[in-house]
Amino acid sequence: MIISVASGKGGTGKTTIATSLALCWKEGLFLDCDVEEPNAHIFLKPHIHERISVGIPVPEVDESKCSFCGKCAEVCEFNAIVVIKKKVLFFPELCHGCGGCSYICPEKAIKEVEREIGVVERGRSGKIDFIHGILNVGEPMAPPLIRQVKRHINSGTNAIIDASPGTSCPVVEAVKRSDFCLLVTEPTPFGLNDLKLAVEMLRKLTIPCGVVINCADIGDEKVQKYCKDEDIPILMTIPWDRRIAEAYSKGIILIDALPEFKNRFSQLYGKIERLYKR
Amino acid sequence: MKIVISATGDNLSAHVDRRFGRCPWFLFVDSESLKCEAVVNESADAASGAGTACAQLVIEKEVDAVISGQVGPNAYEVLRQAGVKIFVVSQDISVREAIDRYKNNELRQMEMRVF
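Line order of the protein sequences matches chains A and B. For what it's worth, this note's numbering labels the leading residue of the first sequence as 12, then goes sequentially. For what it's worth, this note's numbering labels the leading residue of the second sequence as 124, then goes sequentially.
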């Protein structure tokens, strides 16, 4: 089973939930797909044994063969190529690496070269295989790197995917093809607004979901009401507790810091399993 | 001189839109005759690369100068390489007014520091 952990709003507790949930497993895979700001390693403290560079194919133009016809600029959906009189200008940070320009070039003047956008690191944390992606600083495009992180999922293995917040392309890429998505939220107007966006995204992707309400005793009742109206199961609530924040600030996993939560995370896993099998 | 102005509308009474890549209209104007051709900016809602797409459009029309607000770094690079001058309007003024100021040498030419 592949469980993704996502949230519309940032800072609601995705990593807190994902890392504690991972420890409930006898063995499995943990994938930190928040490649812009990976932080699960701070908690799981994996021993990294492999580092793989990840790039995307970008065009390299041989101007001696180029007729400056401009077809490459025309075909580029992201306007990463501009052709001026006797020059081709390329803007690598706009390129999505689709290969359209080299495919369409009538002079065969464009070849594709690899441009590094980040790295994937693999390691081991106790019984958990740990993998995360680290996007190079300033790099705008996370999905190709997220795809490389997710390549390590084998059919039949249990995997937890820690996604980035929001509902944009990196999140879609991270949660795509997961069997179940856990949405972490807080009972505030911001939490509810962004939860709705995340639910809409998952419905488009036809991924079943359940909600964890963090800091459940602050804010209001509107998240509960929304979940009831929309028939979305609330699988766990976590109270506001200073000890949880303190453990987090020290990089300690919630169920290690507060063992009384262990049972509740095992139950959470059980609930997800039952919903998945239904 | 053939100049292009990023504008809020399709005629000389429209205002200068100080966004280059995201403006709704480009007005291609002959600074002497004030003959004006309005072109819809189809890249205004592009997810990315609006600046480079607009710069490509402007270059294909073989203009001598651009009048806009602050032009972004990618579009700036394209226009610089193509030898198109960029003049900056910093107030909310009409296109007609901007052309007058351009003709009176009252507009600042954009220079960008290369880091």
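Quick reminder that beta carbons are idealized off the backbone N, C-alpha and C, glycines included. None of the values given here were measured: they were computed from a predicted structure.
Exercise. Chain B partners of ALA84 (chain A), CB-CB under 9 Å?
Worked result: Scanning chain B for C-beta atoms nearer than 9 Å to the C-beta of ALA84 (chain A) yields THR175, ALA176, GLN179, reported in chain order.
For this session: Indicate whether at least one CB of chain B lies closer than 8 Å to the CB of PHE141 (chain A).
Result: no
Exercise. Going by the CB atoms, is the gap between CYS112 (chain A) and CYS87 (chain A) shorter than 8 Å?
Worked result: For the 8 Å CB-CB criterion, CYS87 (chain A) and CYS112 (chain A) form a contact.
For this session: Please classify VAL181 (chain B): does DSSP put it in a helix, a strand, or coil?
Result: helix
Problem set entry | Through-space distance from ALA256 (chain A) to LEU286 (chain A), alpha-carbon basis | 30 Å
For this session: Report the rounded CA-to-CA distance for ARG231 (chain B) versus HIS138 (chain B), giving the unit in angstroms.
Result: 18 Å
Problem set entry | Rounded separation between ILE209 (chain B) and VAL186 (chain B) - CA only | 11 Å
Exercise. What residues in the stretch 140-170 of chain B bring their beta carbon closer than 8 Å to a beta carbon of chain A?
Worked result: SER166, ALA169, ALA170
Exercise. Are VAL127 (chain B) and VAL181 (chain B) touching if we call contact CB-CB under 8 Å?
Worked result: Cβ atoms of VAL127 (chain B) and VAL181 (chain B): closer than 8 Å.
For this session: Please go through the same chain and pick out, in chain order, the residues whose beta-carbon is closer than 8 Å to the beta-carbon of GLN235 (chain A), but skip the five residues on each side of it.
Result: PRO198, ILE224, ILE245
For this session: Select from the stretch 184-209 of chain B all residues with a C-beta closer than 8 Å to any C-beta belonging to chain A, and list them in chain order.
Result: ASN197, GLU200, VAL201, GLN204, ALA205
Problem set entry | Per-residue contacts from ILE182 (chain B) into chain A (C-beta, under 7 Å) | ILE95
Exercise. Whose Cβ in chain B lies nearer than 9 Å to the Cβ of ALA227 (chain A)?
Worked result: Result: empty, since nearest Cβ-Cβ is about 37 Å, beyond 9 Å.
Exercise. Can the beta-carbon of LEU193 (chain A) be found less than 8 Å from the beta-carbon of VAL16 (chain A)?
Worked result: yes
Exercise. Hey, out of B:SER213, B:TYR225, B:ASN227, B:PHE143, whose CA is closest to GLY174 (chain B)'s CA?
Worked result: B:PHE143
Exercise. Taking 8 Å as the CB-CB limit, is ALA91 (chain A) close to chain B?
Worked result: yes
Exercise. Quick one: what's got a C-beta closer than 7 Å to ALA120 (chain A)'s C-beta in the same chain, skipping five residues either side?
Worked result: Counting only Cβ-Cβ distances below 7 Å, and skipping sequence neighbours, we find VAL72, ASP73, LYS76, CYS77.
Exercise. Helix, strand or coil for GLY24 (chain A) per DSSP?
Worked result: Of the three classes helix, strand and coil, the one that applies to GLY24 (chain A) here is coil, per DSSP.
Problem set entry | Cut-off 6 Å between Cβ atoms - residues of its own chain near LYS20 (chain A), not counting five sequence neighbours on either side | PHE201, GLY202, ASP205
Exercise. Counting contacts by CB-CB distance shorter than 8 Å, is PHE41 (chain A) in contact with chain B?
Worked result: no
For this session: Alpha carbon to alpha carbon, how far is ASN227 (chain B) from SER156 (chain B)? Give it in angstroms, no decimals.
Result: Rounded to the nearest whole angstrom, the CA to CA distance from SER156 (chain B) to ASN227 (chain B) is 16 Å.
For this session: Could you tell me whether the Cβ atoms of LEU105 (chain A) and GLY172 (chain B) are closer together than 8 Å?
Result: yes
Exercise. Taking the alpha helix (DSSP H) that GLY202 (chain A) falls in, what are its first and last residues?
Worked result: 200-215
For this session: Could you give the DSSP three-state label for ILE266 (chain A): helix, strand or coil?
Result: helix
Exercise. Closest by CA to MET212 (chain A), which one among A:PHE276, A:TRP251, A:GLU184, A:LEU265?
Worked result: A:GLU184
For this session: Ignore the nearest five residues each way along the sequence and tell me which others in TYR225 (chain B)'s own chain have a CB closer than 8 Å to its CB.
Result: ILE126, SER154, ALA188, ILE190, PHE210
Exercise. Between GLY66 (chain A) and ILE128 (chain A), which are expected to be in contact by the criterion C-beta below 8 Å, what is the C-beta distance as a whole number of angstroms?
Worked result: Taking C-beta atoms under 8 Å as the contact rule, GLY66 (chain A) and ILE128 (chain A) qualify, at a distance of about 6 Å.
Problem set entry | Alpha-carbon to alpha-carbon, VAL69 (chain A) and ARG188 (chain A) | Going by the C-alpha atoms only, they are around 27 Å apart.
For this session: Flag this pair as touching only if the stretch 83-97 of chain A and the stretch 171-178 of chain A have three or more C-beta atom pairs under 8 Å; answer yes or no.
Result: no
Problem set entry | Nearest residue (CA-CA) to HIS107 (chain A), options A:GLY144, A:ALA153, A:LYS97 | Closest by alpha carbon: A:ALA153.
Exercise. Name the chain B residues whose beta carbon is nearer than 8 Å to that of LEU216 (chain A)?
Worked result: Result: empty, since nearest Cβ-Cβ is about 20 Å, beyond 8 Å.
Problem set entry | Counterpart residues of ALA152 (chain B) in DSSP-defined beta bridges | The amino acid at residue 152 (chain B) is misidentified as Ala; the sequence shows Val. Its beta-bridge partners are B:ILE126, B:CYS159.
Exercise. Would DSSP call GLN232 (chain B) helix, strand or coil?
Worked result: strand
Problem set entry | Contact with chain A by GLY132 (chain B), beta-carbon distance below 8 Å | no
For this session: Determine, using beta carbons only, whether CYS146 (chain B) and ALA130 (chain B) come nearer to each other than 8 Å.
Result: yes
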